[in-house]
Amino acid sequence: MRKKETGVREVDEIRERIRKRFGDISPAEMAEILKIDVKKNIHMEGGSKLAFIDGSPVILIGYRVSLLQYPKCIAKEIRQYLSDHPSIMESW
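The numbering of the sequence shown is the numbering used here, which starts it at 2 and goes up by one.
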């Protein structure tokens, strides 16, 4: 549980650093800043997942996911990516 709390704090810290530099941004813009592609996956019906394609992070979103749900899915996967890769914190 302790590790999860630390990860959340680091993600919040990164988000604040990005907002200070770029202003208030959407999850899609944050993905662009972090160089994470967002693609619709025809092989996934719903949900989202973070994958690595050719060494680059990509957020895959199911083809039945509503456009209104995209920001929520992107934000969830960015949080997961940042908590799994705390070294990104050093560059911000």
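Yeah, the Cβ is synthetic: ideal placement off N, Cα and C, and Gly gets one too.
Owing to the predicted nature of the structure, the values given are computational and were not obtained by experimental measurement.
Any heavy atom of the ligand SAM closer than 7 Å to the Cβ of ILE75?
For the ligand SAM, the structure offers nothing, since it holds no ligand at all.
Which first and last residues belong to the alpha helix (DSSP H) in which ASP85 is found?
Counting along the chain, the alpha helix (DSSP H) containing ASP85 begins and ends at 71–85.
In or out: SER57 buried (at least 16 other Cβ within 10 Å) or exposed?
Classification for SER57: exposed.
From ILE89 to ARG16, what distance separates their C-alpha atoms?
Their Cα atoms are separated by approximately 12 Å.
Let me know the secondary structure DSSP gives LYS5 once reduced to three states.
Because LYS5 carries a pLDDT of 49, less than 50, the predicted location of this residue cannot be relied on, and the following value inherits that uncertainty. Residue state, collapsed to three classes: helix.
Quick check: the Cα distance between ILE43 and GLY24, rounded to an integer number of angstroms?
Whole-angstrom Cα-Cα distance: 33 Å.
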